[in-house]
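Line order of the protein sequences matches chains A and B.
Per this note's numbering: the first sequence = residues 316 to 516.
Per this note's numbering: the second sequence = residues 275 to 539.
By construction, the Cβ of each residue, glycine as well, lies at the ideal position given by its N, Cα and C atoms.
Keep in mind the model is a prediction, meaning the values are calculated, not measured.
One structure is given below, encoded as structure tokens.
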Amino acid sequence: MTRDAGPGTTPPGPRPRTGAGEDQLVDHLRRSAQGDQQAFAAFYDAVAPRAYGLALRVVRDRDLAADVTQEALLDAWRGAGGYRRERGSVIGWVCSITHRRAVDLVRSTQSRRDRELRAGAASFGRDHDDVSEAVTDAEDRGRVADCLGALTALEHEAVTAAYYGGLSYREVADRLGAKLATVKSRMRTGLHRLLDCLGVE
Amino acid sequence: MADERELLAAWALNAVDEAERRRIEERLRVDPVLRAEADALLRATDGLGTRENAAPPAGLRDRVLGAVDAEARSLRSAHTGVRPEATSAGAATAGSQDPDAPTSLRDQRERRWPGRRRAWTAVAATAAAAATAAVLLLAQPWQDGGLTQQDQVVAIEQVLGQDGARQETAPVAGGGTVEVARAPSGETVVAARGLAAPEGDRVYQLWTLEGDQSPRSAGLLELDDGLALVRLPEVPARAALALTLEPAGGSPAPTTDPVVVVAAG
Numbered sequence: 316m317t318r319d320a321g322p323g324t325t326p327p328g329p330r331p332r333t334g335a336g337e338d339q340l341v342d343h344l345r346r347s348a349q350g351d352q353q354a355f356a357a358f359y360d361a362v363a364p365r366a367y368g369l370a371l372r373v374v375r376d377r378d379l380a381a382d383v384t385q386e387a388l389l390d391a392w393r394g395a396g397g398y399r400r401e402r403g404s405v406i407g408w409v410c411s412i413t414h415r416r417a418v419d420l421v422r423s424t425q426s427r428r429d430r431e432l433r434a435g436a437a438s439f440g441r442d443h444d445d446v447s448e449a450v451t452d453a454e455d456r457g458r459v460a461d462c463l464g465a466l467t468a469l470e471h472e473a474v475t476a477a478y479y480g481g482l483s484y485r486e487v488a489d490r491l492g493a494k495l496a497t498v499k500s501r502m503r504t505g506l507h508r509l510l511d512c513l514g515v516e
Numbered sequence: 275m276a277d278e279r280e281l282l283a284a285w286a287l288n289a290v291d292e293a294e295r296r297r298i299e300e301r302l303r304v305d306p307v308l309r310a311e312a313d314a315l316l317r318a319t320d321g322l323g324t325r326e327n328a329a330p331p332a333g334l335r336d337r338v339l340g341a342v343d344a345e346a347r348s349l350r351s352a353h354t355g356v357r358p359e360a361t362s363a364g365a366a367t368a369g370s371q372d373p374d375a376p377t378s379l380r381d382q383r384e385r386r387w388p389g390r391r392r393a394w395t396a397v398a399a400t401a402a403a404a405a406t407a408a409v410l411l412l413a414q415p416w417q418d419g420g421l422t423q424q425d426q427v428v429a430i431e432q433v434l435g436q437d438g439a440r441q442e443t444a445p446v447a448g449g450g451t452v453e454v455a456r457a458p459s460g461e462t463v464v465a466a467r468g469l470a471a472p473e474g475d476r477v478y479q480l481w482t483l484e485g486d487q488s489p490r491s492a493g494l495l496e497l498d499d500g501l502a503l504v505r506l507p508e509v510p511a512r513a514a515l516a517l518t519l520e521p522a523g524g525s526p527a528p529t530t531d532p533v534v535v536v537a538a539g
């Protein structure tokens, strides 16, 4: 994903719970871009639990999740100067990098096979408890779950199998026995519905 | 056109393949309406992505910070063109008053990878070039077999894996192509293929061109069977890249017309 163009927008998501405010995160990142490794260490402490939590959710293996988190945070270090505040929160930026890395890993055949074995035939959106060490803020989690619950069954499956399962839309179509056009359109209506729901505070 | 719009949600979910992703992101750069919809969809995926939270393994912090430190050191020593134990203040003295400066990069490389004669190099050849070519990153020694296209692909893909990275390919006068991958951070990889061996003692020299400033040397290409690979940690977004043929040892400023220019994004 890229956020290198377009109108300035700020996601409606909550501030990180890690104690570091958004201003502080932006400052850590700005100093990291200048080569300040201490600032990057503080940045790591603030964002690593979110990045690792997301990686774990997608790859479902602690060692692989640690690898993904390491790669993503190195990307963040290298690309710190490319972050633009007007285009989204720091945590959103880090999580988008992490998600991309996690999906890349899942897309490699071997890791997918291992992962499928671990995950069994469970639905990606509803079997999260098997990664019980991922302790998510109950309120946030509840709200996302509520909003996901407002999606139609097909929207829900399409969005969660892709985002948490790391499946491509073609694979999602195979999995659901649905047409490609249907899957693309359910992803779209599903995300818009999710956005409407999450945006209502 | 309609296809990219249809795929936008799948793109926001990272559920498209690489070719589709590139096509969509190219379109997003020129289509503000589509870009606005993309941003909205990304806010929704942020909602899914930023709510996870788990304590990372104990050793991860040291691993990440150690890797960052190693990368920073590698950058710094290559950046200044002085010995690794020297500080970055050495950059200011890497000019003509320091007779060691032109060869120190080579010395340094020899120490790091002794005996690897065909290791990747892009040596700042003259004192003047050494002072301005603060752009060499010796982070990736090649395998013993010399530089391969696979090495180039790996280096290019590493840049393209970064958010917002771009890629361009341009033909070289006299034969061959140059592929350039640039990340928003400025990290840039230049991979040349099929370059003709220069006549006589001439060498290919890489330049960055920014506005109406004088071209800045980014080092000489070491050809390996027509292949060359250069990594530049910080090329300004506005800078174009150019390649010229120069006399042996390179030139402080270009003396011939470029054989290829890759424009700024």
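Point to revise | Selected residue, minimal CA-CA separation from T482 (chain B), among B:V307, B:T443 and B:S491 | key: B:S491
Review point. Is it right to say A366 (chain B) is buried, meaning 16 or more other beta carbons lie within 10 angstroms of its own, or is it exposed?
Key: Summary for A366 (chain B): the model assigns pLDDT 35, below 50, so the residue's position carries little reliability; its value from the coordinates is reported in the next sentence. Exposed: under 16 other Cβ atoms inside 10 Å.
Exercise for review: Select from B:E484, B:G460 and B:L494 the residue whose C-alpha is nearest the C-alpha of D475 (chain B).
Suggested key: B:L494
Check your understanding: What do you reckon, are the CB atoms on L510 (chain A) and A314 (chain B) nearer than 8 Å?
Key -> yes
Point to revise | Neighbour flag for R317 (chain B) against chain A, beta carbons, 8 Å | key: By this cut-off, R317 (chain B) is an interface position.
Point to revise | According to DSSP, residues forming a beta bridge with R505 (chain B) | key: B:V463
Point to revise | Spatial distance of R295 (chain B) from I430 (chain B) (CA atoms) | key: 16 Å
Review point. First and last residue of the alpha helix (DSSP H) that includes L379 (chain A)?
Key: R377 to R393
Practice item. Report the option in B:R317, B:A455, B:G333 and B:E473 whose CA atom is closest to the CA atom of A466 (chain B). Key: B:A455
Point to revise | Interface partners of P521 (chain B) on chain A, CB under 7 Å | key: One finds nothing in chain A with a Cβ atom closer than 7 Å to the Cβ of P521 (chain B); even the nearest lies about 35 Å away.
Review point. Does D531 (chain B) come within less than 8 Å of chain A when only Cβ atoms are used?
Key: Not one chain A Cβ lies under 8 Å of D531 (chain B).
Exercise for review: Please compile the residues from chain A whose C-beta is within a distance smaller than 7 Å of the C-beta of S348 (chain B).
Suggested key: Correct list: empty, because the minimum Cβ distance to chain A is about 12 Å.
Practice item. Return the residues of the segment 333 to 352 of chain A that lie within a Cβ-Cβ distance of less than 7 Å from chain B, sorted by chain order. Key: For the segment 333 to 352 of chain A, the set of positions with a beta-carbon nearer than 7 Å to some beta-carbon of chain B reads G350 and Q352 in chain order.
Review point. Could you check where the beta strand (DSSP E) with R456 (chain B) kicks off and where it finishes?
Key: T451 to R456
Check your understanding: When you check each C-beta in the segment 441 to 467 of chain B against every C-beta of chain A, which residues fall closer than 9 Å?
Key -> A457, P458, S459, G460 and E461
Check your understanding: Should L491 (chain A) be flagged as near chain B, meaning a C-beta pair shorter than 8 Å?
Key -> no
Practice item. Starting from G500 (chain B), find everything on chain A with Cβ-Cβ shorter than 8 Å and list it in chain order. Key: Correct list: empty, because the minimum Cβ distance to chain A is about 29 Å.
Review point. How would you label D320 (chain B), buried or exposed, when you count the other beta carbons within 10 angstroms and need 16 or more for buried?
Key: buried
**Study point:** DSSP three-state assignment for S491 (chain B), whether helix, strand or coil
**Key:** DSSP, reduced to helix, strand and coil, places S491 (chain B) within a strand of the structure shown.
Point to revise | First through last residue of the alpha helix (DSSP H) which encompasses Q441 (chain B) | key: Where Q441 (chain B) is concerned, there is no enclosing alpha helix (DSSP H), although the beta strand (DSSP E) it sits in stretches over R440 to P445.
Check your understanding: Between the C-alpha atoms of G505 (chain A) and A493 (chain A), what's the straight-line distance to the nearest angstrom?
Key -> G505 (chain A) and A493 (chain A) have their C-alpha atoms spaced approximately 15 Å apart.
Review point. Chain B beta carbons: is any one of them nearer than 8 Å to that of K499 (chain A)?
Key: yes
Point to revise | Min CB distance N288 (chain B) to chain A below 8 Å | key: yes
Exercise for review: Quickly, what does DSSP pair A514 (chain B) with across the bridge? List them, please.
Suggested key: B:L483
Point to revise | Rounded separation between A513 (chain B) and L302 (chain B) - CA only | key: 22 Å
Point to revise | Candidates B:N327, B:L308, B:V338 and B:L322: closest to A357 (chain A) by CA position | key: B:V338
Exercise for review: Could you say which of A:R508, A:V474, A:S411 and A:G480 lies nearest to A284 (chain B) if we only look at CA atoms?
Suggested key: A:V474
**Study point:** V498 (chain A): first and last residue of the uninterrupted alpha helix (DSSP H) it sits in
**Key:** L495 to G514
Review point. Leaving out five residues before and five after E442 (chain B) in sequence, what residues of the same chain have Cβ atoms less than 6 Å from its Cβ?
Key: V454 and V536
Point to revise | Spatial distance of A511 (chain B) from G394 (chain A) (CA atoms) | key: 13 Å
Review point. So which residues on chain B does H414 (chain A) lean against when the C-beta distance must stay under 7 Å?
Key: Under the 7 Å cutoff, chain B gives N288 and G323.
Exercise for review: Report the rounded CA-to-CA distance for L281 (chain B) versus M502 (chain A), giving the unit in angstroms.
Suggested key: 9 Å
**Study point:** Host alpha helix (DSSP H) of V307 (chain B) (start-end)
**Key:** P306 to G323
Practice item. Can you pull the chain A residues whose beta carbon is under 8 Å from the beta carbon of L282 (chain B), in chain order? Key: R503
Check your understanding: How about A346 (chain B) and G396 (chain A): do their beta carbons lie closer than 8 Å?
Key -> No, the pair does not count as a contact, with Cβ atoms beyond the cut-off.
Check your understanding: Which class does E431 (chain B) belong to by DSSP, given the choice of helix, strand or coil?
Key -> helix
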